[in-house]
Structures are given as structure tokens and as C-alpha cells.
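Have a look at the structure below, then the notes.
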Amino acid sequence: MLRFYPALLLKRYKRFLADIRLPDGTELTIHCPNTGSMKNCVLPESPCWYSVSDSKTRKYPQTLEVVSAPGGHLAGINTARTNELVEQALREDVITELCGYQTLRREVVYGSEKSRIDFLLSQHNDDARLCYLEVKNVTLMEAEGEGFFPDAVSERGSKHLRELMVMVAQGHRAVLLFCVQHTGIKSVRAAAHIDAVYAATLQAARAAGVEVIAYAAFIKPEHNIIKLDRSLPVLD
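Plus 1276 on top of the position in the sequence shown (first one is 1) and you've got this note's numbering.
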């Protein structure tokens, strides 16, 4: 069972490192598993939660999992956990738009740009098409309730959208799922002010038939809980 431990976040630096202070005053450097900017998710001296790996080879066995965001909200920043949340939600039929598939495969190579799709769904009860499902983690909230993706320029994100459009053109189903790990976000839209190319590509993808949906996580680190539990609107 995943277990979270409380601490205070002191700073995040060098992209993959963070310093925390434990309840007994001890300071530790831990792994920060997030390649994005974590904009609006780093508050010095704020509550955070981390997990501990039992691996004997890791230099930093502790991993930052949940941080405090402005407005008293929480954000799950471990992007390596995003697909785990989505897989659990798929298997439990939480994502209503994706119910009915009998087979689920992860990290399947596809497309002319040699991408890896997060999930390839097949053997639907009523739909013979393959379903290519791409997942993106959302933690950026700027105005209250308004979530944005990406939080930094993402050429990779635009590439994935292009690949999804090709899959639709080939007769398959393609879905982009925004996995919202921020308790304050009530809707999601493309961050055109951060990455205009991504925003334009997302608009083109939707016009081409790529389905775009968002689901939000229930986050209670004091009870060791993060799970997707509700849909959110994706705005133009």
C-alpha cells in the first residue's frame, strides 16, 4: 500500500531535487519526479508529503508526492504516478467515456514519429476500433478554479497530438485525457499564453476528431489516498 509521510517543503531545484524538513527538524534532500515547471505549486515552508522506496540502489529513496498550492489546495506532482491513477480508474470504470474495453496495454509504440501511447484499449463491447489514449498531468492553476496545460513549452505534447490525429485519420479512436491532480481546479484549457503551438495543435486535434476529456483526483495524503473520481469540463 502506498504510504505518504508529512514534511515541510523548503525548495525545489535542479528539476529533480527538493529539500524538505521532517517533523523532528531533520532536513532531507529527496527526489522530485516532475519534469515540468511546477508553476504555482512550490510554496516555501509549506506542508508536503513524500513516499519512501525500499530499493537499495536509489540515491534518494524518498520521493516528493503531494505539495501545497496557493489557496489552501493540494497538488499531486509525481508524474510517474499519473498513469497508475488512470489505469486504476479505467479498471474500476470511473472514466465513463472509456468503459467497455476488455483489453488494456501500456506504453505501446505507434505512429510515424515513434511515440509511445500511454494506453491502447481494445475489444470494446460495442466498438471494434482500437482506442489510443494519451494522458497528461495537470497541476497548473492560475485563476481560481482554472487549470491549464502545459505549464511550460511542450514540443512533446504537440507531437503526441499530431500522432493522435493520424490515428483518427486511420479509422481508430483517439482520446486525450487530462489527469488533474490539483484540488482547486474545476476546468481545464490549453495554456495558450505559455505554449501557443500546443494550444493551436490541440484545437486542430479536436477539430480532427480527437476526443479531449478531463478527470480530477481526490487527494487526501493524510489518509494515503489519491484517486480519480470525477470528470471536469475541458474549455476551448
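For every residue, glycine included, the Cβ atom is placed at its ideal position computed from N, Cα and C. All of these numbers come straight from a predicted model, not from anything done at the bench.
Between the alpha carbons of A1493 and H1458, how many angstroms are there, rounded? Here residue 1493 corresponds to residue number 217 of the sequence shown, with the count starting at 1. Here residue 1458 corresponds to residue number 182 of the sequence shown, with the count starting at 1. Distance between the alpha carbons of A1493 and H1458: 7 Å.
Only counting the same chain, and skipping five residues up and downstream in sequence, which positions put a Cβ closer than 8 Å to that of A1475? Taking the first residue of the sequence shown as 1, we reach residue 1475 at position 199. Cβ contact annotation for A1475 (same chain, cutoff 8 Å, sequence separation greater than five): A1466, A1467, A1468, in chain order.
Residues that DSSP places opposite V1429 in a beta bridge: On the sequence shown, residue 1429 is found 153 positions in, with the first residue counted as 1. Beta-bridge pairing links V1429 to no other residue.
For L1442, I'd like the list of residues in its chain whose CB is within less than 8 Å of its CB, leaving aside the five on either flank, ordered along the chain. If you number the sequence shown from 1, residue 1442 lands on position 166. Checking the sequence shown, residue 1442 turns out to be Val, not Leu. G1387, S1388.
Leaving out five residues on either side along the sequence, give the residues of the same chain with a beta carbon under 6 Å from the beta carbon of A1365. Within the sequence shown, numbered from 1, the residue matching residue 1365 stands at position 89. Apart from the 5 residues on each side of it in sequence, A1365 sits with its Cβ closer than 6 Å to the Cβ of I1371, L1504 in its chain, given in chain order.
6 Å Cβ shell around V1473 - same chain, five flanking residues per side excluded: The count along the sequence shown starts at 1 and reaches residue 1473 at position 197. Counting only Cβ-Cβ distances below 6 Å, and skipping sequence neighbours, we find S1434.
Mind checking whether A1490 and L1453 have CB atoms under 9 Å apart? Locating residue 1490 in the sequence shown gives position 214, where the first residue counts as 1. Locating residue 1453 in the sequence shown gives position 177, where the first residue counts as 1. Their beta carbons are under 9 Å apart, which means A1490 touches L1453 by this criterion.
Would you call the CB atoms of G1352 and V1342 closer than 9 Å? Within the sequence shown, residue 1352 is the residue found at index 76, counting from 1. Within the sequence shown, residue 1342 is the residue found at index 66, counting from 1. Their beta carbons are under 9 Å apart, which means G1352 touches V1342 by this criterion.
For R1432 and E1303, the rounded distance between their alpha carbons: The count along the sequence shown starts at 1 and reaches residue 1303 at position 27. The count along the sequence shown starts at 1 and reaches residue 1432 at position 156. Straight-line Cα distance between these residues: approximately 35 Å.
Could you have a look at N1359 and say whether DSSP puts it in helix, strand or coil? Numbered from 1 along the sequence shown, position 83 holds the residue referred to as residue 1359. Residue state, collapsed to three classes: helix.
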